[in-house]
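**Q** First, the structure itself, so that you have it in front of you.
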Amino acid sequence: MKAIRTAWLCVLVLAGAGAGAFAHGSGPTDPQIAAIVVVANQVDVDAGKLAQEKSGTKDVKEFAALMVADHTAVNRAAGELVQKLKVTPEANATSDSLQQGGDKNLATLKGLSGAAFDRVYVDHEVAYHEAVIEALDKTLIPSAHNAELKALLIKVRPAFIAHLEHARQLQKRLAGG
Numbered sequence: 001m002k003a004i005r006t007a008w009l010c011v012l013v014l015a016g017a018g019a020g021a022f023a024h025g026s027g028p029t030d031p032q033i034a035a036i037v038v039v040a041n042q043v044d045v046d047a048g049k050l051a052q053e054k055s056g057t058k059d060v061k062e063f064a065a066l067m068v069a070d071h072t073a074v075n076r077a078a079g080e081l082v083q084k085l086k087v088t089p090e091a092n093a094t095s096d097s098l099q100q101g102g103d104k105n106l107a108t109l110k111g112l113s114g115a116a117f118d119r120v121y122v123d124h125e126v127a128y129h130e131a132v133i134e135a136l137d138k139t140l141i142p143s144a145h146n147a148e149l150k151a152l153l154i155k156v157r158p159a160f161i162a163h164l165e166h167a168r169q170l171q172k173r174l175a176g177g
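Spelled out as structure tokens, the structure:
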């Protein structure tokens with residue numbers, strides 16, 4: 001179990017580090033940022049939907065429902081903004097890495113049940129939100145050129161912080177602390 005959690009933390013750190021892997025410190029373009037935002041949110045929506053189905057724990061189901069609702073809302077806002085700005089999200093190494101990590105997470109979670117499922121799901125949510133916040137702070141917000149895109153990223157950041165704190169509290173409860 002510990003090995004699975006450690007492997008996922010490594011994947012998330014690499015995915016978060018990938019956000020900085022753009023040409024000579026230039027950072028991602030606005031279309032690339034849009035793709036990263038959409039994929040990052042969709043990955044969490046997909047995991048949350050699975051947790052709503054598989055978890056037998058009320059607190060985990062409620063947290064998963066919050067993740068689905070909030071991340072769907074962020075994607076809706078991002079979609080409306082890119083449509084307004086006539087920007088097409090552009091897949092890139094970071095968005096691809098996030099999608100691959102999300103697919104691997106779902107595959108892992110589908111093979112688990114009961115308390116093991118809940119622990120791995122919540123541990124992943126903690127690590128994932130830490131990585132997303134780091135990417136927002138170090139790469140996405142500083143690299144956004146369009147003022148409205150930057151404002152959206154800044155606006156959603158507190159929700160990601162709240163999700164992280166909620167996930168950490170849930171993680172402690174699941175660990176018996």
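Our numbering puts the sequence shown at residues 1 to 177. Just so it is clear, CB atoms sit at the ideal spot from N, CA and C, and this is done for glycine as well.
My understanding is that A35 touches N105, with C-beta atoms under 8 Å, so please give their C-beta distance in whole angstroms.
**A** Incorrect: roughly 19 Å between the Cβ atoms, too far for contact.
**Q** Please look up how many angstroms separate the CB atoms of V45 and V68, rounded, as I've assumed it's under 8 Å.
**A** Confirmed, about 5 Å.
**Q** Go to H166, then tell me how far its alpha helix (DSSP H) extends in each direction, as first and last residue.
**A** Where H166 is concerned, the enclosing alpha helix (DSSP H) stretches over A147 to L174.
**Q** Nearest by alpha-carbon distance to H129: which of I33, S143 and V43 is it?
**A** Minimum Cα distance to H129 is reached at V43.
**Q** Can you say whether S113 is buried or exposed, counting buried as having 16 or more other CB atoms within 10 angstroms of its CB?
**A** Classification for S113: exposed.
**Q** Can you confirm whether the region 95-111 touches the region 146-163 when touching is taken to mean that 3 or more C-beta pairs between the two stretches lie within less than 8 Å?
**A** Too few Cβ pairs lie closer than 8 Å, so no.
**Q** By how many angstroms is the C-alpha of Q169 removed from the C-alpha of H71?
**A** Approximately 19 Å, taken between the alpha carbons.
**Q** A65 to A47, Cα distance in whole Å?
**A** Whole-angstrom Cα-Cα distance: 10 Å.
**Q** Measuring CB to CB, does E180 end up less than 8 Å from P31?
**A** Only positions 1 to 177 of the chain appear in the structure, and residue 180 is not among them; the question remains open.
**Q** Could you compute how far the alpha carbon of V39 sits from the alpha carbon of A73?
**A** Approximately 13 Å, taken between the alpha carbons.
**Q** Cα-Cα, which of G56, F160 and E53 is closest to N133?
**A** Position check: residue 133 holds Ile in this sequence, whereas Asn was assumed. Cα-wise, what sits closest to I133 is F160.
**Q** Assuming H145 contacts F63 (C-beta within less than 8 Å), just tell me the rounded distance between them.
**A** In fact, because the Cβ distance is near 34 Å, the residues do not count as touching under 8 Å.
**Q** Look at the alpha carbon of S26 and the alpha carbon of S95, and state the distance between them as a whole number of angstroms.
**A** So the two alpha carbons sit approximately 17 Å from each other.
**Q** Just tell me which of A127, L81, S55 and S143 has its CA closest to the CA of T29.
**A** Among A127, L81, S55 and S143, the Cα nearest to that of T29 belongs to S143.
**Q** What whole-angstrom Cβ distance do L109 and V120 have, given they're in contact under 8 Å?
**A** 6 Å between Cβ atoms; contact.
**Q** Apart from the five residues on each side of it in sequence, which residues of its chain come closer than 8 Å, Cβ to Cβ, to N75?
**A** These residues qualify, in order along the chain: V37, V38, N41, Q42 and V45.
**Q** Rounded to the nearest angstrom, what separates E148 and T139 at their Cα positions?
**A** Their backbone Cα atoms lie some 16 Å apart in a straight line.
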